[in-house]
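Colleague:
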DNA sequence: CTATGTGAATTTATTCACAGCA
DNA sequence: TGCTGTGAATAAATTCACATAG
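Residue numbers (my numbering), protein chains in the order written: chain Y, 43 to 246; chain C, 43 to 246.
Okay, here's the thing in structure tokens:
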């Protein structure tokens, strides 16, 4: 395969493929063609083949893709191969919901630490995690955590982001409706619920 | 202005512009140029001008855009002009977090009804809303609610979606990690948290 | 002189269509 | 034969660059 810059859109789709394949694997499916995977995931077959082709020859002509192998390959590309720990900042309703969210495990994430600034919450257990005081946020450095989830009010988000960066985090999943300023080496993905909802009426 | 098909990407950006403009308005800003808005929102100025140009001539050459007028225009385009009611299905942690989410108001949404199937929750008040029994879901027809938010476990999501469609809903914001099959006239936007998180390590 | 609005140029992403391998 | 892998063709989105209006 010749060199090609990998489209961002391709990376965005890989987790979608991964979930679909995981589902097929759970169903006992051994191999899958681009056409049947495409049908299942509501994307085009050519898209799937092209996306995979950027990374190598994963399939077998005349047969299709081996589900288990393909899952492993995608996990490698996305660097989900080994479980990595994440810290959750904010133990409110959203934080609590995230702690209970089953989706993280699929992607090899485990929330290892939870921080909050409310005395009422510090020390309490939520699920398996005990809420720690936000002033000890640099603890994440010692524990080698590189990834954090921000679930605090918008006003506090930038301050928390600064502290996380200082503590060595290089990936942030941000649920606060704010643009976060961080150094280039740190990747932020913001999930802004209202922003998604905002375009819904247009299509209705 | 000649006819142009409006790119989906433009629609996706309008809520981003809207939030930025709202912020500027709160700061007392009266008018804004594409360049300063672009700086503020971290997009390109040409993009902003092109996006707006699809809908008409909103600006004044040599001056810029009137913030208040522009907000009104975007709200019109997105059909956010009058507050519309929404139903929330699922009163778990996520549902509770969504009820407390301040972002909805900005976009003219108000959660008017909350449904759940858990006897422990039915009848309880969460914030201003009283949780109703999911078996009475068709109540939303009577109340003229056209928009719903699904915050139930993945397994239950499709069943709920079917019921919502039957009740006349034509827009769904889906938080369950499942593809929802609905008639073409119904618009679904799925926010899949794990899917966003899944591509974060790739960039780290 | 400033900043919009917009065709044209460019870049990016998707789809087509088919050669080539199992 | 069946399905992948991939250049070539097409479509979509972004950026450029400038004429034009205030």
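Backbone N, C-alpha and C define an ideal beta-carbon position, used for all residues, glycine too.
Remember, it's a predicted structure, so these values are computed and weren't measured experimentally.
Return the chain-ordered ranges of every alpha helix (DSSP H) run that is complete within the region 81-109 of chain C and spans a minimum of 4 residues.
Modeller: Counting whole runs of 4 or more residues, the region 81-109 of chain C contains the alpha helix (DSSP H) stretches 87-95.
Colleague: Looking at chain Y, is there any beta carbon in it that lies within less than 7 Å of the beta carbon of residue 125 (chain C)?
Modeller: The sequence position of residue 125 (chain C) within the second chain is 83, counting from 1. Chain Y contact via Cβ: absent.
Colleague: What did DSSP end up calling residue 126 (chain C) once you bin it into helix, strand or coil?
Modeller: On the second chain, position 84 is the one that residue 126 (chain C) refers to. Reduced to three states, the DSSP call for residue 126 (chain C) is strand.
Colleague: Opposite residue 152 (chain C) in the DSSP bridges: which residues?
Modeller: Position 110 of the second chain, counted from the first residue, corresponds to residue 152 (chain C). DSSP lists C:127 as partners of residue 152 (chain C).
Colleague: Are the beta-carbon atoms of residue 206 (chain C) and residue 190 (chain C) separated by less than 7 Å?
Modeller: Position 164 of the second chain, counting from 1, holds the residue named residue 206 (chain C). Position 148 of the second chain, counting from 1, holds the residue named residue 190 (chain C). Contact: yes.
Colleague: Is it true that the region 174-187 of chain Y meets the region 151-166 of chain Y, where meeting means three or more beta-carbon pairs spaced less than 8 Å apart?
Modeller: Contact holds: three or more Cβ-Cβ distances are below 8 Å.
Colleague: Quick one: which chain C residues come within Cβ less than 8 Å of residue 219 (chain Y)?
Modeller: Along the first chain, read from residue 1 onward, the residue named residue 219 (chain Y) stands at position 177. Chain C residues near residue 219 (chain Y): 61, 145.
Colleague: Listed from N- to C-terminal order along the chain, which residues in the region 84-97 of chain C have their beta-carbon within a distance smaller than 7 Å of any beta-carbon of chain Y?
Modeller: Of all residues in the region 84-97 of chain C, 84 have a Cβ within less than 7 Å of some Cβ in chain Y.
Colleague: Taking the beta carbon of residue 220 (chain Y) as the centre, do at least 16 other beta carbons fall within 10 Å, making it buried, or is it exposed?
Modeller: For the purposes of this step, residue 220 (chain Y) is taken as residue 178 along the first chain, with counting starting at 1. When all chains shown are included, residue 220 (chain Y) counts as buried.
Colleague: So residue 34 (chain Y) packs on residue 113 (chain Y), CB below 8 Å; how close in whole Å?
Modeller: For chain Y, the structure presents residues 43 to 246; residue 34 (chain Y) sits outside this window and is missing.
Colleague: Taking C-beta pairs closer than 9 Å, name the residues in chain Y that residue 122 (chain C) reaches, listed in chain order.
Modeller: Taking the second chain and counting its residues from 1, one reaches residue 122 (chain C) at position 80. Near residue 122 (chain C) (Cβ distances below 9 Å), the residues of chain Y are 240, 243, 244.
Colleague: Listed in chain order, which residues of the region 53-80 of chain C have Cβ atoms closer than 8 Å to some Cβ of chain Y?
Modeller: Within the region 53-80 of chain C, the qualifying residues are 53, 54, 56, 57, 58, 60, 61.
Colleague: Pairing CB atoms from the region 199-215 of chain Y with CB atoms from the region 195-202 of chain C, are three or more of them under 8 Å?
Modeller: No: the two stretches stay apart, fewer than three of their Cβ pairs being nearer than 8 Å.
Colleague: Have a look at C:60, C:116, C:216, C:227 and flag the residue whose alpha-carbon is nearest the alpha-carbon of residue 235 (chain C).
Modeller: As a first step, residue 235 (chain C) must be located in the second chain, where it is residue number 193. Out of C:60, C:116, C:216, C:227, C:216 has the C-alpha closest to the C-alpha of residue 235 (chain C).
Colleague: Closer than 9 Å between beta carbons: that is the criterion. Which residues of the region 174-197 of chain Y meet it against chain C?
Modeller: Going along the region 174-197 of chain Y in chain order, one finds 188, 189, 191, 193, 195, 196 with a Cβ nearer than 9 Å to chain C.
Colleague: What's the C-alpha gap between residue 214 (chain Y) and residue 99 (chain C)?
Modeller: Translated into positions along the first chain, residue 214 (chain Y) becomes position 172. Translated into positions along the second chain, residue 99 (chain C) becomes position 57. Spanning the two alpha carbons is a distance of roughly 38 Å.
Colleague: Are there three or more Cβ pairs, one per stretch, closer than 8 Å when the region 132-145 of chain C is compared with the region 100-108 of chain C?
Modeller: No: the two stretches stay apart, fewer than three of their Cβ pairs being nearer than 8 Å.
Colleague: Note down, one range per segment and in chain order, each beta strand (DSSP E) of at least 3 residues found wholly within the region 183-234 of chain Y.
Modeller: Counting only runs of 3 or more, we get 189-192, 213-216, 229-232.
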